[in-house]
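Step one of this worksheet: look at the structure below.
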Amino acid sequence: MGMLILIAYRNLVQARRRTLLLSAAIGLVTTLLVLLLSLSQGISDNLVKSATTLSAGHVVVAGFFKPSPSQAIPMVTDAGKVRAVIEKETPNLDYIIARGRGWGKIVGPGGTVQTGLSGVTLVNEPRFVATLQLAEQLEYKEGGEARILGDSTRIGSPGSVILFANQAKRLEVDVGDAVTFITETNDGRTNTIDLTVVAVARDLGMLSSWSVLVNMESLRKVYKLSDDTTGAFWVYVKDIDKADEVMNGLRVSLAQAGFQLMDHDPNPFFFKFETVAGEDWTGQKLDVTIWRDEVSFLVKILDAFDLVTVFISAVLLIIIAIGISNTMFNTVRERTREIGTMRAIGIQRGSVLLLFLLEASLLGLFATTVGAVAGAALSVGIDLAAFPVPIPALKAILLSDTVHMTVRLSTLLMSVVFLTVCTGLAALWPSFRAARMRPIVALGYVS
Amino acid sequence: MPAIVELNNVVKEYPLGKLVVTALHDVSIAITKGEFTAIAGPSGSGKTTILNMIGCMDVPTTGTVKIDGTLTNNLDDHALTTLRLNRIGFIFQSFNLVNVLDVRQNVEFPLLLQGKLSSKDRKLRVEEMVEKVGLTKQMTQRPNELSGGQRQRVAIARALVTNPAIVLADEPTANLDSTTGHAIIELMRDLNANDHTTFIFSTHDPKVMERATRLIMVADGKVV
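Residue numbers (our numbering), protein chains in the order written: chain A, 1 to 447; chain B, 448 to 671.
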């Protein structure tokens with residue numbers, strides 16, 4: 001085996017120009033694959049970050065209250081009892097926050113935005129300040145300064161609201177300005193409340209176009225909610241990958257504690273109004289989901305991006321595979337005499353096959369490693385440069401205002417292994433041909 | 448003494464388009480251990496075909512070939528390759544060394560394929576063979592750094608390193624000048640005399656034929 005590796009390696013070195021050209025092609029495909037996967041991972045990270053900051057915890061315990069069969073209000077009654085079950089039955093619990101839920105219009109000097117309201121009780125959210133990044137004034141105001149105004153802790157004061165940069169821009173408001181929130185209450189009447197902008201947060205992708213953070217007491221006031229009512233519990237666990245497991249456990253625990261549960265529907269709560277309103281029951285039913293369910297419409301974007309990645313990679317891979325195969329056929333032809341000699345002195349067909357597969361695989365390993373390192377370096381560089389995304393549609397796809405790329409060692413290793421195996425497979429046919437040669441033919445004694 | 452090589456009524460036919468060309472006509476040869484045999488004849492007479500039969504690189508259309516007691520007619524490719532590796536050494540007209548390996552590695556290659564010796568024993572065996580052919584100083588050189596005569600010496604060392612029962616040489620001096628060719632034949636002759644290795648080589652050079660202890664003349668695919 002050692003001798004075969006040596007022969008394969010030295011043949012690659014001997015055919016230096018061919019090796020370098022082929023390596024460049026394979027390396028470029030690897031670089032592209034790593035870039036696409038890093039971008040996909042970056043989008044995925046953006047999605048997790050924005051989803052678990054604005055829309056959901058790792059697990060969400062929410063629900064609908066139906067005062068009559070045709071009405072559906074997104075809230076959790078008996079919130080204290082529900083919270084107690086969650087605290088007791090969630091393994092590896094990190095923390096829980098309770099968020100109010102609402103929907104309506106915010107009116108400012110510059111216009112109106114339709115948005116969801118997320119009611120914040122600051123004393124229950126120890127990590128709120130650390131999680132939310134505030135925007136500099138120039139990010140939402142023309143001629144603004146490169147400094148942060150406002151203070152996110154002031155969301156604890158009644159009548160306060162935190163807008164996102166894109167909303168502040170559209171409404172033409174700054175920290176300290178007043179906006180008006182208009183909504184339809186649970187009894188079908190229109191209600192309004194004046195809110196003061198206490199801070200402007202940095203955008204978190206397209207989700208931040210549809211969400212503002214408001215003081216929970218103000219939300220209770222506008223919707224006339226009792227103290228033992230909330231919109232949803234966002235449950236954070238130590239390991240987000242265990243969210244599914246925790247959700248299933250909580251469903252069982254809550255059912256055992258006597259709560260009625262809705263069937264698991266992997267969609268955000270605002271997709272469920274019509275379905276729930278059409279169901280023939282009244283009272284409270286809890287809805288337990290995970291973060292991914294609450295942003296399922298965005299996950300589809302990520303899936304589509306991954307599909308494009310796979311398609312582009314597959315096309316390039318096929319082109320490269322044809323190139324490798326053709327090159328290996330040439331190599332076999334050029335080294336026919338060497339194959340004949342080795343076969344004559346006693347090398348078996350399997351070893352000839354292995355020799356040429358090793359040659360292709362060594363080439364693949366070298367080229368993909370260089371390509372993967374280049375791809376990783378480029379990805380890190382692009383991420384550090386934080387290139388702004390100029391097109392709104394692209395911002396929506398990338399879920400960020402800047403290009404964010406995440407390089408993972410597992411991604412690099414997977415790319416190297418996968419493409420090296422593909423390189424070996426592309427050489428299979430010519431290697432078989434080499435192995436099937438009769439020594440007498442390969443040595444040119446008979447044709 | 449029993450024959451180490453036996454060809455009995457061997458006929459070899461090759462298809463050539465719609466025609467069938469007969470390369471060997473009813474050839475019967477028996478060679479005993481330790482012989483230094485030359486198969487001589489003009490080009491196209493069938494010398495190489497006979498060597499291919501003996502070297503287990505081809506099988507006869509009819510007739511039988513027995514090598515060191517093994518009937519080769521019904522052996523599959525794997526068995527024929529194993530037989531070549533363990534019983535037969537090859538020396539080619541164009542040396543046929545592996546260009547990317549140095550002298551030591553070229554000579555060591557068949558031993559590695561056999562996998563019988565330890566690394567230490569292999570090293571000793573290779574050094575012994577390289578010394579026998581007088582190339583100790585060229586041990587780490589690659590074939591393209593050697594003269595034609597030196598390359599053929601490497602090929603001889605490679606052929607003999609496994610202690611084969613038979614060494615086959617196809618026109619071993621054809622690509623060498625007369626002095627070098629003579630030296631190569633003398634080297635083969637010495638190895639035959641000292642180690643009693645059976646050498647069978649094809650040639651059409653009268654000076655080389657003179658050095659053989661037995662001469663088999665071939666013409667038109669027949670032993671004459």
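Don't be surprised by glycine CBs; every beta carbon is placed ideally from N, CA and C. Keep in mind that this is a model prediction, so the values were computed, not measured.
Legend entry - Neighbour list for B/Asn543 in chain A, Cβ cutoff strictly below 7 Å: What B/Asn543 touches in chain A: Arg337, Thr341.
Legend entry - Segment contact flag, the segment 318-329 of chain A with the segment 426-445 of chain A, C-beta cutoff 8 Å, min 3 pairs: With the rule of 3 Cβ pairs closer than 8 Å, the segment 318-329 of chain A counts as touching the segment 426-445 of chain A.
Inset, instruction - Could you tell me which chain B residues have their CB closer than 9 Å to the CB of A/Met3, listed as they occur along the chain? - result: Correct list: Leu548, Gln552, Glu555, Phe556, Leu559, Leu560.
Legend entry - Own chain, CB closer than 8 Å to A/Leu22, minus 5 neighbours either side, in chain order: Cβ contact annotation for A/Leu22 (same chain, cutoff 8 Å, sequence separation greater than five): Gly323, Ile324, Thr327, Leu363, Ala367, in chain order.
Inset, instruction - Could you name the residues of the same chain whose beta carbon sits closer than 8 Å to that of A/Val352, not counting the 5 residues immediately before and after it, in chain order? - result: Here the set comprises Ile339, Met342, Arg343, Ser431, Ala434, Ala435, Met437.
Inset, instruction - Give me whichever residues DSSP pairs with B/Asp617 in a beta bridge. - result: Residue pairing by DSSP places B/Asp617 opposite B/Ser649 in a beta bridge.
Legend entry - Local Cβ density within 10 Å of A/Val449, reported as buried at 16 or more and exposed below that: Because chain A is modelled from 1 through 447, residue 449 of chain A falls outside the range shown and cannot be assessed.
Legend entry - Extent of the continuous beta strand (DSSP E) to which B/Asn455 belongs: The continuous beta strand (DSSP E) containing B/Asn455 extends over residues 450-463.
Legend entry - Residue-chain proximity (B/Asn591, chain A), Cβ-Cβ < 7 Å: No, no contact with chain A.
Legend entry - Distance between A/Leu398 and A/Met405 (C-alpha atoms, nearest Å): About 10 Å.
Inset, instruction - Can you tell me which of the three DSSP states B/Lys563 falls into? - result: When secondary structure is reduced to three states using DSSP, B/Lys563 falls in the coil class, being assigned neither helix nor strand.
Legend entry - Proximity winner among A/Gly108, A/Ser211, A/Val82, relative to A/Gly176 (alpha-carbon distances): Here the closest residue by C-alpha is A/Gly108.
Inset, instruction - From the DSSP output, read off the bridge partner residues of A/Leu428. - result: None; A/Leu428 has no bridge partner.
Inset, instruction - Thinking B/Val655 and B/Ile476 are a contact (beta carbons under 8 Å), I'd like their distance in whole angstroms, please. - result: About 19 Å separates the CB atoms of B/Val655 and B/Ile476; that is not less than 8 Å, and the two are not in contact.
Legend entry - Three-state secondary structure (DSSP) of B/Val547: B/Val547 falls in the coil class under three-state DSSP.
Legend entry - A/Ser415 vs A/Leu132 beta-carbon contact at 7 Å: No.
Inset, instruction - Let me know if B/Met635 comes out buried or exposed under the rule of 16 or more other beta-carbons within 10 Å of its beta-carbon. - result: Taking all protein chains in view, the Cβ of B/Met635 is crowded by 16 or more other Cβ atoms within 10 Å, so the residue is classified as buried.
Legend entry - Boundaries (first-last residue) of the alpha helix (DSSP H) holding B/Glu633: Per DSSP, the continuous alpha helix (DSSP H) segment holding B/Glu633 begins and ends at 625-642.
Inset, instruction - Keeping to the same chain, check which residues put their C-beta closer than 8 Å to that of A/Gly80; ignore five residues upstream and five downstream. - result: Counting only Cβ-Cβ distances below 8 Å, and skipping sequence neighbours, we find Asp228.
Inset, instruction - Can you give me the Cβ contacts of A/Ala369 inside the same chain, cut-off strictly under 6 Å, excluding the 5 residues immediately before and after it? - result: Sequence inspection shows Thr at residue 369 of chain A; the Ala mentioned does not correspond to that position. Sequence-distant Cβ neighbours of A/Thr369 in its own chain, meaning closer than 6 Å and more than five residues away, are Val416.
Inset, instruction - Report the rounded CA-to-CA distance for A/Thr336 versus A/Glu359, giving the unit in angstroms. - result: A/Thr336 and A/Glu359 have their C-alpha atoms roughly 15 Å apart.
Inset, instruction - Could you work out which residues of chain B lie near A/Ala434, taking near to mean beta carbons separated by less than 7 Å? - result: Counting only Cβ-Cβ distances below 7 Å, A/Ala434 has no contacts in chain B at all, with the closest Cβ about 14 Å away.
Inset, instruction - In the DSSP assignment, find the alpha helix (DSSP H) that holds A/Val299 and state where it starts and stops. - result: Looking at the DSSP string, the run of the alpha helix (DSSP H) that includes A/Val299 is 296-334.
Inset, instruction - Taking only beta-carbon positions, decide if A/Ala442 is within less than 7 Å of chain B. - result: Residue contact with chain B for A/Ala442: absent (no Cβ-Cβ distance below 7 Å to any residue of chain B).
Inset, instruction - For B/Leu532, decide whether its Cβ has a neighbour in chain A, counting only Cβ atoms nearer than 7 Å. - result: Chain A contact via Cβ: present.
Legend entry - Proximal residues of chain B, C-beta to C-beta of A/Gln14 below 7 Å: For A/Gln14, the residues of chain B that pass the 7 Å Cβ criterion are Val547, in the order they occur in the chain.
Inset, instruction - Report yes or no: is there a C-beta of chain B within less than 7 Å of the C-beta of A/Arg10? - result: The beta-carbon of A/Arg10 is placed less than 7 Å from the nearest beta-carbon of chain B.
Legend entry - Residues near B/Val468 by beta carbon distance below 6 Å, same chain, minus five either side: Excluding positions up to five away in sequence, the list reads Tyr461.
Legend entry - Best match in B/Leu530, B/His472, B/Asn553 for proximity to B/Glu574 [C-alpha to C-alpha]: Here the closest residue by C-alpha is B/Asn553.
Legend entry - Residue burial classification, A/Leu138 (beta-carbon count within 10 angstroms, cutoff 16): Counting the other CB atoms within 10 Å of its CB gives A/Leu138 a total below 16, which places it among the exposed residues.
Legend entry - 7 Å Cβ shell around A/Ala8 - same chain, five flanking residues per side excluded: Here A/Ala8 has Leu355, Leu358, Glu359, Leu362 as same chain residues with Cβ atoms under 7 Å from its own Cβ, once five neighbours each way along the sequence are excluded.
Legend entry - Against chain A: residues of the segment 457-489 of chain B by CB proximity under 8 Å: So the list reads Tyr461, given in the order they occur along the chain.
Legend entry - chain B contact residues for A/Arg18, given Cβ-Cβ distances below 7 Å: What A/Arg18 touches in chain B: nothing, since even the nearest Cβ is about 14 Å away.
Inset, instruction - Can you give me, in chain order, the residues of the segment 498-514 of chain B that have a beta carbon less than 8 Å from any beta carbon in chain A? - result: For the segment 498-514 of chain B, which is checked against every Cβ of chain A, the residues closer than 8 Å are Asn499, Gly502, Met504, Asp505.
Legend entry - Spatial neighbours of A/Thr192 in its chain, beta-carbon cut-off 7 Å, leaving aside the 5 residues before and after: Hits under 7 Å: Thr180, Phe181, Ile182.
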